[in-house]
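Asks:
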Amino acid sequence: MGEPGFPSVWPIIETARLRLRPPSLDDAQGVQRFCNDPEVSRNAETIPLPYTVEHATEWIGLVLEEFEKGVGVGMLIEERASGEVIGDSCLKYDATHGRAEVGFVLGRDYRGNGYATEAARAMIGLAFGTLGVRKVMAVAFADNLASRRVLERCGMTLEASLRGHSMREGEPADDVMYGLLRREYDGGIRQ
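This note's numbering numbers the first residue of the sequence shown as 469 and each following residue consecutively.
1) Excluding the 5 residues flanking A608 on each side, which residues of the same chain have their C-beta closer than 8 Å to its C-beta?
2) Taking only runs that begin and end inside the region 522 to 592, name each unbroken beta strand (DSSP E) of 3 or more residues, in chain order.
3) For the region 562 to 570 and the region 525 to 537, state whether three or more C-beta atom pairs, one from each stretch, are separated by less than 8 Å.
4) Roughly how many angstroms separate the alpha carbons of N504 and T525, rounded to a whole number?
5) Using a 10 Å radius around the Cβ and a threshold of 16 neighbouring Cβ atoms, would you call K603 buried or exposed?
6) Considering only their Cβ atoms, is the gap separating M624 from M591 smaller than 9 Å?
7) Consult DSSP for R602 and reduce its assignment to one of helix, strand or coil.
8) Within a Cβ cutoff of 7 Å, which residues of the same chain sit near G600, ignoring the five residues on either side of it in sequence?
9) Could you check which residue in A610, G638, L649 has the C-alpha nearest to that of R631?
10) Where does the unbroken beta strand (DSSP E) through E627 begin, and where does it stop?
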């Protein structure tokens, strides 16, 4: 493994049950399928409803552009057994401050199986390993208990409650911020 930093080639990550890989424009229908869900839209600031193939194409273009600029790594989550695209996970990379923000979306039919935790752990490993960050953070709506449990299972610590921080369905919504420092990750909080 070379020096930590933003990868020149898009990584592909294999876990026990998942494959995290870069998106292509051919994936637009798969992205549309798992994002066109009222619960996904309600729990993600930037996913409109209805979520169209055009929205998915725009998102894929943005992910490709962020990778090219060295500021983001967006991956589609595939279930290895079926080859089905079931969600996505992204890292927003801030080289100046040595940190990355992790996020994830999982299709309705695949929730409750530990897939989000497995994908988030893989992305956290990418952040600390390949990118060499000193901190990984995540922000979720305060009432999104499923995402909060995923972050906690990944060893992240609740650091802040942000009252009225975001807008959701035209109303102010509370967010929570979680963090994981390299020393905690290196000290064994990997499972």
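Backbone N, C-alpha and C fix where the C-beta goes; we use that ideal spot for every residue, glycine too.
Replies: Taking the coordinates as given:
1) Numbered from its first residue, the sequence shown carries residue 608 at position 140. Beyond the five residues adjoining it in sequence on each side, A608 comes within less than 8 Å, by CB distance, of N511, S615, R616, L619, D643, V644, Y646 in the same chain, given in chain order.
2) The region 522 to 592 contains these whole beta strand (DSSP E) runs: 540 to 547, 553 to 562, 567 to 574.
3) no
4) Your numbering for residue 504 matches position 36 in the sequence shown. Your numbering for residue 525 matches position 57 in the sequence shown. Their Cα atoms are separated by approximately 13 Å.
5) Along the sequence shown, one-based indexing puts residue 603 at 135. By the neighbour-count rule (16 or more Cβ atoms within 10 Å), K603 is buried.
6) Counting from 1 along the sequence shown, the entry for residue 591 is found at position 123. Counting from 1 along the sequence shown, the entry for residue 624 is found at position 156. It is not a contact, given that the beta carbons lie outside the stated cut-off.
7) The residue given as residue 602 occupies position 134 in the sequence shown. DSSP places R602 in coil when its eight states are reduced to three.
8) As a position in the sequence shown, residue 600 is number 132, starting the count at 1. So the list reads P472, G473, once near-sequence residues are dropped.
9) Stepping through the sequence shown from its first residue, residue 631 is reached at position 163. Of the candidates A610, G638, L649, the one whose C-alpha sits nearest the C-alpha of R631 is A610.
10) By one-based count along the sequence shown, residue 627 stands at place 159. Counting along the chain, the beta strand (DSSP E) containing E627 begins and ends at 625 to 636.
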